[in-house]
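Scroll down for the structure; my scribbles are underneath it.
2 protein chains.
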Amino acid sequence: MEQTQALSALAALAHETRLQIVRLLVPCGQDGLSAGEIGARVDCSASRLSFHLSALDQAGLITARRDGRRVIYAAKRRQIGGLIHYLLNDCCAGDQTVSACCRDQTGGACHTASDAALNDS
Amino acid sequence: MEQTQALSALAALAHETRLQIVRLLVPCGQDGLSAGEIGARVDCSASRLSFHLSALDQAGLITARRDGRRVIYAAKRRQIGGLIHYLLNDCCAGDQTVSACCRDQTGGACHTASDAALNDS
DNA sequence: TCAATAGTTCAACGATTCATGAGTAGTTGA
DNA sequence: TCAACTACTCATGAATCGTTGAACTATTGA
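Protein chains in written order, with the numbering used here: chain B, 61 to 181; chain G, 61 to 181.
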C-alpha cells in the first residue's frame, strides 16, 4: 500500500458512521450487505449513507455490485489488512513495542523485555 | 482503546505531515525529537508544525516534555499499537483474511485457505 | 407503459480543518 | 535585566467535509 492510499483509507475510517459500516461488513465477507440493510442498521438517511458508502468505496475499503434493484456492498478485507500492515511496518518500521501492544492489549500492558519499564512510550 | 479515542487517532494520522511526524518519532522511542528537529526534517512552518504536533498530542499519539528551551516530542508507541489492535480486533473482529493480509503483504497475496480463491474481499 | 422500490446525485448551507504570518511566552547566557 | 533562541497562540481567509432534502436513475412487476 502506498502513502496516498493509506491516507485516504485513514481519512475514510476516521468517521463514526463509516467505521460502523466497516464493522458491519467485515464479518459478512464477500456476501456483503445491501445499502438498505446497512442503512437500517446504521440509522442514517439514504443520501447520507450513499455519501459515506461512496467515500469508503473511493478509499478502496469496500466494493459495490448491483444485484437486481439492490446494490450490495462488501468489505475489501485485503485492503483493510493492507492498511494495518502499512501502519505497522511502514509507519512504525516494525517497532517491537507497537507490535507487542498490537498483539496483546489485555490490561494495557506491554510484554517486550525492553519496554517493561517504560511508562507510555 | 475506545471508539472515540480511535476515531481521533485515525483523524490525526490521516494527514501527510502528521503521519510523517509519527514515522520520524517511532524509531526514536522515548528519546524523541525536539520540535525544531522535527520541523527541519518535515519542512513545514513553525506554526503549522506546532498545530500538527498539538493535534497528535490531543489524539494521544505523542507526548511532549520540556528540556531546557526545547520541547521534546516522543511517540506513544503503546497507544499506536492499541489503535492497530482496535482496528484488527474490535473493528474487524479478528477476521482471518484481514489478519493474514496484515501479517504478510508480500506480493499482495493472502494465504489463508478459505481466501485463496477470493478476488479482493 | 406505469407505478413502486432501491439507491444515487446535486445544490446549498453550516461546521470544521488547514495554512499563513504576526505576535507572545518560556528559557538561557551575558 | 536584556537579547537571543525556541516554540506556541491567535486571527485570518481559503478549502474541505458533513448534512439535508429534492430531484434523478435503474430495476422490477403488473
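Cβ coordinates follow ideal geometry from the N, Cα and C atoms, glycine included.
Self-check item: Pick from TYR146(B), GLN156(B) and GLY89(B) that is closest to ALA124(B), judged by C-alpha positions
Solution: The residue from TYR146(B), GLN156(B) and GLY89(B) with its alpha-carbon nearest to that of ALA124(B) is GLY89(B).
Quiz item: chain G beta carbons: is any one of them nearer than 8 Å to that of LEU93(B)?
Solution: Judged by the 8 Å Cβ criterion, LEU93(B) is not in contact with chain G.
Quiz item: Would you say HIS145(G) reaches chain B, if we count a Cβ-Cβ gap shorter than 8 Å as a contact?
Solution: At least one CB atom of chain B sits nearer than 8 Å to the CB of HIS145(G).
Quiz prompt | Buried/exposed call for GLN139(G), threshold 16 Cβ in 10 Å | solution = Answer is buried; the Cβ neighbour count reaches 16.
Quiz prompt | Distance between ARG130(B) and ALA153(B) (C-alpha atoms, nearest Å) | solution = Near 43 Å, if we compare the C-alpha coordinates of ARG130(B) and ALA153(B).
Quiz item: Between which two residues does the beta strand (DSSP E) carrying ALA124(B) extend?
Solution: Note, ALA124(B): beta strand (DSSP E), 122 to 127.
Quiz prompt | For TYR133(B), the nearest candidate out of ALA71(B), ASP164(B) and ILE81(B) (CA to CA) | solution = It is ILE81(B) whose Cα lies nearest to the Cα of TYR133(B).
Exercise. Taking all protein chains shown into account, decide if THR172(B) is buried (16 or more other Cβ within 10 angstroms of its Cβ) or exposed.
Key: With a pLDDT of 45 at THR172(B), under the threshold of 50, the modelled position of this residue cannot be trusted; read the value that follows with caution. Exposed is the call here.
Quiz item: What are the residues of the segment 74 to 108 of chain G that lie near chain B, defined by any Cβ-Cβ distance shorter than 8 Å?
Solution: Near chain B, meaning a CB-to-CB distance below 8 Å, the residues of the segment 74 to 108 of chain G are ALA74, HIS75, GLU76, LEU79, VAL82, ARG83, VAL86, PRO87, GLY89 and GLN90.
Quiz item: Can you tell me whether GLY99(G) is buried or exposed, with buried defined as 16 or more other CB within 10 angstroms of its CB?
Solution: Counting of Cβ neighbours within 10 angstroms places GLY99(G) among the buried residues, the total reaching 16 or more.
Quiz item: From ASP155(B) to THR157(G), what distance separates their C-alpha atoms?
Solution: Taken atom to atom, the span from the alpha-carbon of ASP155(B) to that of THR157(G) is near 23 Å.
Self-check item: Proximal residues of chain B, C-beta to C-beta of LEU70(G) below 7 Å
Solution: Neighbourhood of LEU70(G) in chain B, by CB distance below 7 Å: LEU70, LEU73 and ALA74, in chain order.
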